[in-house]
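If you use the working numbering, the sequence shown corresponds to residues 49 to 476, in order.
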Amino acid sequence: MRWSILIALLAILAACHKGIEKNNPEYETENIQVPATFTWKTTREVIVIVTQGEIPPLSGQFGRVDLYHGDPAAGGLRIASGAVRFDLPCRLRIALPAIQQEIYLVHRPVEGNQLTAIQPVSDTIRFAFGQPGVDSPPPDADGDLVPDHIDDFPDDPENAFRSFFPNSEEDATIMFEDIWPYKGDYDLNDLVTRLHFTFLTNTANAVTGMDLRFHIQAVGAGLRDGLGMQFDSLTPDQISWLSGSSLTQGYVTLNGNGTELNQHNAVIILFDKTDNLLHNPASSGNFFNTWPGSEKGWSDTLTMNIRLNGTIPLTSFVPPPYNFFLIQDVTRSIEVHMANYHPTDLANTTLLGTADDSSNPPTRRYYLSRYNIPWALFVPATLPHTYEGIELASAYLNYEKWAISGGAEYADWYLDKPGYRDEEKIYK
Ligand SMILES: [Ca+2]
Ligand SMILES: [Ca+2]
Ligand SMILES: [Ca+2]
49 MRWSILIALL AILAACHKGI EKNNPEYETE NIQVPATFTW KTTREVIVIV
99 TQGEIPPLSG QFGRVDLYHG DPAAGGLRIA SGAVRFDLPC RLRIALPAIQ
149 QEIYLVHRPV EGNQLTAIQP VSDTIRFAFG QPGVDSPPPD ADGDLVPDHI
199 DDFPDDPENA FRSFFPNSEE DATIMFEDIW PYKGDYDLND LVTRLHFTFL
249 TNTANAVTGM DLRFHIQAVG AGLRDGLGMQ FDSLTPDQIS WLSGSSLTQG
299 YVTLNGNGTE LNQHNAVIIL FDKTDNLLHN PASSGNFFNT WPGSEKGWSD
349 TLTMNIRLNG TIPLTSFVPP PYNFFLIQDV TRSIEVHMAN YHPTDLANTT
399 LLGTADDSSN PPTRRYYLSR YNIPWALFVP ATLPHTYEGI ELASAYLNYE
449 KWAISGGAEY ADWYLDKPGY RDEEKIYK
């Protein structure tokens with residue numbers, strides 16, 4: 049018990065932003081000369097357009113296009129899929145890691161052998177496949193014109209394919225400093241949450257819904273925080289229903305469809321308090337997997353299912369990272385967003401531009417310090433966090449070069465490559 053009090057005291061000290069000696073005083077993230085225009089983005093959006101030639105006789109059925117991060121024959125993971133027919137090109141709008149140089153396109157025709165092509169990543173990726181002749185249409189149990197053998201939902205005419213972010217297997221990560229508008233200690237481990245997105249689409253390559261799977265990786269905070277997400281391009285009535293919010297604190301009020309009440313954009317709340325998901329040893333107090341030597345805890349993994357009212361073409365449906373935000377210390381009005389993502393209607397906007405924050409809504413500058421340092425970072429991969437009080441930038445040895453170059457250099461700073469990490473500073 050005394051140990052937990054000590055931990056709690058250390059927690060308060062670590063979270064305190066002024067006058068406290070930091071665990072790594074030799075390093076100061078705010079001394080990084082970050083260009084004011086740097087977006088801190090780790091992803092890019094691309095449009096993929098794949099056409100299929102016409103060779104009669106036609107069955108009217110759709111072939112399928114799959115996109116992979118790497119060579120599927122060598123274990124490359126799938127990122128997106130869509131329907132293609134001679135008269136209906138496959139158009140996909142997807143987010144890729146900014147470091148992605150090329151993608152693999154696989155054509156799985158109604159009949160015949162699949163073909164693979166490699167394309168360099170650009171804003172618009174175009175490719176054309178031929179279509180082998182189809183003698184007799186293969187079985188299509190649900191009648192959606194995607195044959196069973198290439199239909200991810202062979203018994204569901206409303207859905208045909210799954211697409212993913214960052215890919216079929218791996219998670220993305222969102223990391224926060226939580227004492228905004230005060231600068232934190234830049235360990236970015238106050239809340240670390242792992243995210244995986246699955247998108248459901250139909251034969252028309254329109255989105256019908258999305259599943260968001262998540263768990264908490266770390267809580268290096270004395271505060272009791274929550275996590276929400278705003279769809280900046282969806283209104284609440286575009287969502288039919290959603291399930292899976294973890295709410296125990298009573299400060300979140302929902303519409304009938306599960307989105308948050310009194311918001312003009314669709315806002316979903318993943319959890320209103322980190323403890324809802326955590327199984328943490330009592331000796332850790334509020335802290336979850338950030339102190340060296342402390343007993344490890346584990347997090348539940350939850351999935352939110354989100355289904356749309358009608359469908360939205362994949363070319364109009366904005367891909368990740370979306371507008372995630374931390375809710376500070378069970379106080380709904382204090383939100384912490386990624387750089388240049390705007391607050392929701394329920395945020396107390398009088399805090400913008402106060403203390404260490406230099407948000408300026410007229411110029412759409414949000415949640416950046418006067419040193420152009422953000423309070424939140426989204427990474428399209430998993431990455432281990434640092435020990436309590438150790439600045440992320442001091443453990444990831446090319447992070448500073450990435451920031452100074454405005455993202456031009458070392459955009460792969462988060463990868464586990466030789467010389468990229470100071471393992472001593474990374475939580476084990
Ligand atoms: Ca089918
Ligand atoms: Ca189907
Ligand atoms: Ca911190």
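Positions of the beta carbon are idealized from the N, C-alpha and C atoms, including for glycine.
Subject >> Inter-residue spacing [alpha-carbon to alpha-carbon] between Y462 and D183 >> reply: 50 angstroms
Subject >> C-alpha gap between E69 and D464, whole angstroms >> reply: With a pLDDT of 43 at E69, under the threshold of 50, the modelled position of that residue is not reliable, and the figure given next carries that caveat. If you take the alpha carbons of E69 and D464, they lie about 30 angstroms apart.
**OP:** Consider the C-beta atom of D404 and the heavy atoms of ligand 3; say whether any pair is separated by less than 7 angstroms.
**Re:** no
Original post:
What's the C-alpha gap between F478 and L153?
Top reply: No answer is possible for residue 478: it lies beyond the span of the chain, which begins at 49 and ends at 476.
**OP:** Return the bridge partner residues of P422 from the DSSP annotation.
**Re:** L416
Subject >> Coil, strand or helix - G114 by DSSP >> reply: Rather than Gly, the amino acid found at residue 114 in this sequence is Asp. Strand.
**OP:** Compute every distance between the C-beta of D200 and the non-hydrogen atoms of ligand 1, then say whether any falls below 7 angstroms.
**Re:** no
Original post:
Does the beta carbon of P195 fall short of 7 angstroms from some heavy atom of ligand 1?
Top reply: yes
Original post:
Relative to ligand 1, is the shortest distance from any of its heavy atoms to the C-beta of A189 smaller than 7 angstroms?
Top reply: yes
Original post:
Closest to T411 by CA distance: which of Y75, I80, A84 and I95 is it?
Top reply: A84
Original post:
Quick one: any contact between the region 178-198 and the region 225-235, if contact means 3 or more CB pairs under 8 angstroms?
Top reply: no
**OP:** Going by CA-CA distance only, name the one from I173, A314 and G345 that's closest to R92.
**Re:** I173
**OP:** May I ask you to report which of helix, strand or coil DSSP gives S281?
**Re:** coil
Original post:
What is the DSSP secondary structure of A62, reduced to helix, strand or coil?
Top reply: Annotation note: pLDDT 46 at A62 (below 50); position unreliable, no value reported.
Subject >> Presumed contact (8 angstroms Cβ cut-off) between A208 and L243, rounded CB distance >> reply: So it is not a contact: roughly 24 angstroms between Cβ atoms.
Original post:
What residues in its chain sit with their C-beta under 7 angstroms from that of Q297, if we drop five residues either side in the sequence?
Top reply: D320, K321 and V378
**OP:** Could you tell me which uninterrupted beta strand (DSSP E) segments, each at least 3 residues in length, are contained entirely in the region 327-401, listed from first to last along the chain?
**Re:** 349-361, 371-375 and 383-385
**OP:** Tell me E308's beta-bridge partners as DSSP assigns them.
**Re:** L302
**OP:** Give, in chain order, every unbroken run of the alpha helix (DSSP H) that is at least 4 residues long and sits entirely within the region 430-470.
**Re:** 440-443 and 447-452
Subject >> Three-state secondary structure assigned by DSSP to I198 >> reply: helix
Original post:
For the candidate residues N420, D135 and A266, whose alpha-carbon lies nearest to that of D348?
Top reply: A266
Original post:
Is the CB-CB distance between L140 and G124 below 8 angstroms?
Top reply: no
Original post:
According to the neighbour-count rule (16 or more other Cβ atoms, all chains shown, within 10 Å of its Cβ), is Q81 buried or exposed?
Top reply: exposed
Subject >> Cutoff 6 angstroms; reference E436; Cβ partners in own chain excluding five residues on either side >> reply: A62, G268, T338 and W339
Original post:
Can you tell me where the beta strand (DSSP E) with D188 in it begins and where it stops?
Top reply: Segment: none, D188 is in no beta strand (DSSP E) and carries neither H nor E.
Subject >> As assigned by DSSP and simplified to three states, the class of A121 >> reply: helix
Subject >> Three-way DSSP call (helix, strand, coil) for P168 in this model >> reply: strand
**OP:** Identify which residue in T359, D460 and A387 has its Cα closest to the Cα of T430.
**Re:** D460
Subject >> Assigned secondary structure, Q100 (DSSP; H/G/I helix, E/B strand, else coil) >> reply: strand
Subject >> Residues near P214 in its chain [Cβ-Cβ closer than 6 angstroms; skip 5 each side] >> reply: A220 and P428
Original post:
Within 10 angstroms of its Cβ, does G358 collect 16 or more other Cβ (buried), or is it exposed?
Top reply: exposed
Subject >> Enclosing beta strand (DSSP E) for L144 [first to last residue] >> reply: C138 to P145
**OP:** May I ask you to report which of helix, strand or coil DSSP gives E78?
**Re:** helix
Original post:
Would you say D192 touches ligand 2, meaning its beta carbon is less than 7 angstroms from a heavy atom?
Top reply: yes
**OP:** In angstroms with no decimal places, state the Cα-to-Cα distance between A59 and T256.
**Re:** Because the pLDDT of A59 is 48, which lies under 50, any placement of that residue in the model is unreliable, and the number read from its coordinates should be weighed accordingly. Whole-angstrom Cα-Cα distance: 43 angstroms.
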